[in-house]
Every structure is written in C-alpha cells, then in structure tokens.
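Q: Below is one structure. I have some questions about it.
Chains as they are written, first to last, in the numbering used here: chain A, 1 to 147; chain B, 1 to 63; chain C, 1 to 319.
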C-alpha cells in the first residue's frame, strides 16, 4: 500500500520563523518535503479564513509559526495570533477537525533545528490522521453532488 | 384504482402532500397525508446555549 | 404595461420571509397592482403541476426562500430556475443556509434517530424511519431524500440576486420591489437590499477602543443602551456583518446575530469573526486569554449561525 503523503501548508512570519526555516535550509537539516511555506510579515496577519480555506482546498495540516511571545517585530502581533488560534481550535473542533491538524509554534530565527524537528513531528502526526478531504466528505452521497 | 394527488397543500405553514386513492366505485379507498419536510431542530439545538434556543426554534414556523 | 408574473416559494424555510413580504403593509397592494402572483404556496392555491405547465422563463421574478435540505427542495429549485427569468435567493436560508444549516454540525443519521426514535414526544414502536419509497399493495408513495447536509440555493442553481436577512426587513423588500418594477436591475449576482458597510456603521452606540476583559451571556448582565455591546462583553457579530437592516436588534439592546451575512470582501463570516474577537481580547498572557475565550459557549454555532452552508468548510465532517 502507498504511504499517504500529507499536504501541509505553513504560514510563517517573516522575522522569526521564515528565517528559522531558512536557517534549517542553509544548515542542510533534513525534513520531509510535505511542507509548503507561505511567508507573511507577521502571524498577526493570519486571518482564520486562511486556515479554513487551506483545509477546504486540500491541505491535510496547517502550521502557524511566529516569533516567541515578547519577540514580535510588531510588539504584539503574535499575541493576536495566539488568541485567534485558541478560539479557532474550539471552533474547528465543532467542525470535526482533529486538534493535531492545526498547530501553532514559536520558532525564532536562530532555531533552525527546532523548525526541522517541528516539520518532522507534524508531518508524522498528520500522516497518521490521514487525508482531510473536507469537501468530499460533507454531503457525500447526496444526489445533489452527483448532478 | 384512481389516484388524486394534492401537492402541495397550500395556504398554511409548512409542506404537505395528500394522496387519495379511489376504488372502482369512485369512493375513497385510502388516503395518505405526507409531510415531505424535515429540518431536525430536535437535533441541532443540542449543544447550543440555552438562550439561543428560543431564537432558533422561532424559525420552526415564522407564520 | 404588462403585469409582472411573480412567484414566491419556500423550500426548507419557516415562512417568516413570506410574512416579511406581507409586512410591507399597504405596499402589498402596490405589489398586487403591478404583479400577478403565479405561485405562492402560503397565500394562494397553485400546485407544483401548474408550475410545471408554465413556459420556461415565463415567471418574471421568483423569490426563493429557504435552504435546500432534501430532494424535493432541489427539484423545486431547478424547476423554478427553469421557469423564471430572475431568481432571487430571498432570506438567509436561501442565501447561506440560515438556521436550518446549523444541522450541518450534526450527522444525518443522528438527526433522523433523534427525531423519529429518541424524541420523548414521538411514539414509534416499530422504530420506522421515513423511507424514500413505500409500497402497500399496488400503491407506491414517495418521500423526498433527506440530504446529508444543507445547501444554499446557489449551490444548486445559478442565482441572479441575493437578498439576505432573517427575515429581510420590509423596508428593504419594498425598495427591491421598486427596483424590479422600474426595470433598472443591478448587475446579476448582486446582493440587494443591503448596505455596503458593516452593521457597526449604522449602529448609533458610542464606540471606544475595543478591549474586552471578559464575555457575558445575556442573562449575566443588563447592557447599557449607550455603548457598544461588544465592548460591554456581549458577542455581537456587527463588525463582520453587512448593514442594511437598520440595526433593529441593537435597538432592542440585543447583540447582532449576523443574519445579513458577511460584509463585502469577507469570504467566511464565522472565520472572520474569530479574527475580530482574537484581536480585541484584552489579555496578553496566552493562558489568561484562553480563560476569557473559554467563557464563550458554542462559538461555532454562534459565529456560523446563519452562514454555515456557505462557510468554507460547509459542515462538520461526518465520520
């Protein structure tokens, strides 16, 4: 049987986590290729809509990564992200989205090894959860879908 | 057997359908009254805060 | 001038939208002066067979209320699309699923079991569930197929105009009628009878800096009538909701429930509201903010109250 290769979308802040990912790369650290990074200036820019849309359009897991609390380039953007994440996870639970699929991590520009470890761990967690496939599941079997 | 279908029944709130079956004499053999509509308020109010319930169940019938 | 041929139909709906049309009061006579009703189950006696006999596109305007919950709703949506020149998704249910789409958080099987087997007021000793086909001797009866989730009208057929609200207010309905009669129709696909600003824009309360220390349920405080309800800790969907309703709930000292749907540019009303609340909670430590957030009961059902069928995730996964 083929091993399921999850698609993981990551929203990384420009100042810390994207630089951390860069460091992981230039340090030649190994991590699975299932991860696609989207760079934003700050995790405070992340609208939960981004996460919902990623899941709705085929992502199996979503990572949000930004500066450690207190380190935000914009002072408190990452605190906005943390509050939104907490509330969003409560909502996603009601949508039947497993907690393991959406993850928040603080990764600084110096933490290349941590970035690689997070991606390795997260990929295995999402792989174990299996495909997300929301669009196909809700309403599957209705005649309206067939038409 | 003759079949008379009244679909939909009108001038009331909700969906309804009546099927009347007449025998060869033309008298009524069987009548079926059908409610083709279900939304499931009984289920989807579960888990909602109690103060929401009066504001949700008013949408059972707005007439 | 030829009189307009007007239809009004309810699919998975409560009839409140039909009553809202009547709530245009004496304007209903003006509507009758310019339009013939050719189908309106709550008010006049036309049958589905009458509609099937109409020529295609012979209904000038069809106001379609209600969501699509079952195969009968879908059939009528397709039939009325075929027979109508202009199809209007009228009211929150047709626009975005509305209250019936809260059922998208539940599984189809659980709904049927609850209603027909577990409900304390139901007597069903043989434990029968509605079947799409029933045969007794040479009689066959059909019931619509109850779908796994609720759909908005435009999930099924193309829609010309959207008129949101639960229900749309009579003032807006009348304005839309005036536009229809004038023939000066807006571009197809427009949302009509709404404002392009948020509800907050037409809310007359005093708005200061939005910083909320804790959230309240309605029975826990009596909010004052001068200040922003959200700032007082009530979950008010105003910031993400279109205006146009005249802020009636606010005038009754009740927080906005979001029935007019998302502001233009917002893809997902509920997801956007998570963003709103996340940025106004006045706690910087993650644990403290978490404690405030945990006071919100049923956030998913609250934020997606009227928009579930049009949310990005459409419904809860059904394992």
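Just so you know, even glycine gets a beta-carbon here, dropped at the ideal spot from N, CA and C. Note that the structure is predicted; figures quoted are calculated from it, not measured.
So, are the CB atoms of residue 61(A) and residue 42(A) less than 8 Å apart?
A: Result no, Cβ atoms of residue 61(A) and residue 42(A) do not sit closer than 8 Å.
Q: So residue 270(C) is in the alpha helix (DSSP H); what residue range does that whole segment cover?
A: Per DSSP, residue 270(C) belongs to the alpha helix (DSSP H) from 269-280.
Q: DSSP has residue 146(C) in a bridge; who is on the other side?
A: Residue 146(C) pairs with 70(C).
Q: Can you pull the chain B neighbours of residue 110(C), defined as C-beta to C-beta under 8 Å?
A: 43, listed in chain order.
Q: Just tell me which of 59(A), 109(A), 19(A), 20(A) has its CA closest to the CA of residue 312(C).
A: When only C-alpha atoms are compared, the closest one is 59(A).
Q: Kindly list the residues whose CB is nearer than 7 Å to the CB of residue 203(C), restricted to its own chain and excluding five residues on each side of it in sequence; keep chain order.
A: Closer than 7 Å at the Cβ level, and outside the excluded window around residue 203(C), lie 238, 247, 250.
Q: If you draw a straight line from the C-alpha of residue 109(A) to the C-alpha of residue 258(C), how long is it?
A: Computed Cα separation, rounded: 41 Å.
Q: With a threshold of 8 Å on Cβ separation, who are the neighbours of residue 12(C) within its own chain once the five nearest residues in sequence on each side are excluded?
A: Cβ neighbours of residue 12(C) beyond the five flanking positions: 66, 67, 68, 69, 70, 73, 93, 100, 150.
Q: Using alpha carbons as the reference points, say which of 187(C), 178(C), 225(C), 229(C) lies closest to residue 200(C).
A: Per the Cα distances, 229(C).
Q: Just by C-beta distance, which residues in the region 181-210 of chain C are closer than 8 Å to chain A?
A: Of all residues in the region 181-210 of chain C, none has a Cβ within less than 8 Å of some Cβ in chain A.
Q: Terminal residues of the continuous alpha helix (DSSP H) containing residue 17(A)?
A: Residue 17(A) -> alpha helix (DSSP H) spans 17-26.
Q: Tell whether a beta-carbon distance below 8 Å holds between residue 211(C) and residue 111(C).
A: No, these two residues do not count as a Cβ contact at 8 Å.
Q: With burial defined as no fewer than 16 other Cβ atoms inside 10 Å of the residue's Cβ, what is the status of residue 269(C): buried or exposed?
A: Classification for residue 269(C): buried.
Q: Given that residue 216(C) touches chain A, what residues does it touch there, using C-beta distances under 8 Å?
A: Residues of chain A passing the Cβ test: none, with the nearest at roughly 16 Å.
Q: Since residue 91(B) and residue 33(B) should fall inside the 8 Å C-beta cutoff, what is the C-beta to C-beta distance between them, to a whole number of angstroms?
A: No answer is possible for residue 91(B): it lies beyond the span of chain B, which begins at 1 and ends at 63.
Q: When Cβ atoms are compared, which residues of the region 164-181 of chain C fall closer than 9 Å to chain B?
A: The residues in question are 166, 167.
Q: For residue 5(B), does the count of other Cβ atoms within 10 angstroms reach 16, so buried, or fall short, so exposed?
A: Residue 5(B) should be labelled exposed.
Q: Give the range of the beta strand (DSSP E) segment to which residue 65(C) is assigned.
A: Start and end: 59-65.
Q: If residue 36(B) sits next to residue 143(C), beta carbons under 8 Å apart, how far is it from one beta carbon to the other, in whole angstroms?
A: Right, their Cβ atoms sit about 6 Å apart.
Q: Which residues in chain C sit within 9 Å of residue 127(A), going by Cβ to Cβ distance?
A: Those do not exist, as residue 127(A) stays about 18 Å from chain C at its closest Cβ, beyond 9 Å.
Q: In chain B, what lies closer than 7 Å to residue 72(C) by C-beta?
A: 36, listed in chain order.
Q: Drop a sphere of 10 angstroms on the beta-carbon of residue 83(C), count the other beta-carbons inside from all chains shown, and report buried for 16 or more, exposed for fewer.
A: So residue 83(C) counts as buried.
Q: Report the residue ranges of all alpha helix (DSSP H) runs contained in full by the region 32-90 of chain A; include only those spanning at least 4 residues, in chain order.
A: List check, alpha helix (DSSP H) in window: 48-56.
Q: Just list the residues that DSSP pairs residue 30(A) with in beta bridges.
A: None; residue 30(A) has no bridge partner.
Q: Please report whether the beta-carbon of residue 63(B) lies at a distance below 8 Å from any beta-carbon of chain C.
A: Judged by the 8 Å Cβ criterion, residue 63(B) is in contact with chain C.
Q: Starting from residue 300(C), find everything on chain A with Cβ-Cβ shorter than 7 Å and list it in chain order.
A: Simply 91, 94, 95.
Q: Do the CB positions of residue 314(C) and residue 47(A) come within less than 8 Å of each other?
A: Taking 8 Å as the Cβ cut-off, residue 314(C) and residue 47(A) do not qualify as a contacting pair.
Q: Taking Cβ positions, are residue 192(C) and residue 163(C) nearer each other than 8 Å?
A: Yes, they are a contact pair.
Q: Which residue's Cα is closest to the Cα of residue 40(C): 59(C), 113(C), 308(C), 222(C)?
A: Selected option, being the one with the closest Cα: 59(C).
Q: Would residue 37(A) and residue 19(A) be called neighbours here (beta carbons separated by less than 8 Å)?
A: No, these two residues do not count as a Cβ contact at 8 Å.
Q: So, is residue 25(B) buried or exposed, given that buried needs 16 or more other C-beta atoms within 10 angstroms?
A: With fewer than 16 other Cβ atoms within 10 Å, it is exposed.
Q: Does the distance from the C-beta atom of residue 35(A) to that of residue 64(A) stay below 8 Å?
A: In this structure, residue 64(A) does not lie closer than 8 Å to residue 35(A) by Cβ.
Q: Just verifying my parser: in three-state terms, what is the DSSP assignment at residue 205(C)?
A: Residue state, collapsed to three classes: coil.
Q: How long is the line joining the alpha carbons of residue 213(C) and residue 53(A), rounded to whole angstroms?
A: Rounded to the nearest angstrom, the two C-alpha atoms are 30 Å apart.
Q: Take every Cβ of the region 49-64 of chain C, pair it with every Cβ of the region 123-141 of chain C, and state whether three or more of those distances are shorter than 8 Å.
A: The answer is no - the region 123-141 of chain C does not touch the region 49-64 of chain C, with fewer than three Cβ pairs under 8 Å.
Q: In whole angstroms, what is the alpha-carbon distance linking residue 3(A) and residue 234(C)?
A: Using only the alpha carbons, I get a separation of about 48 Å.
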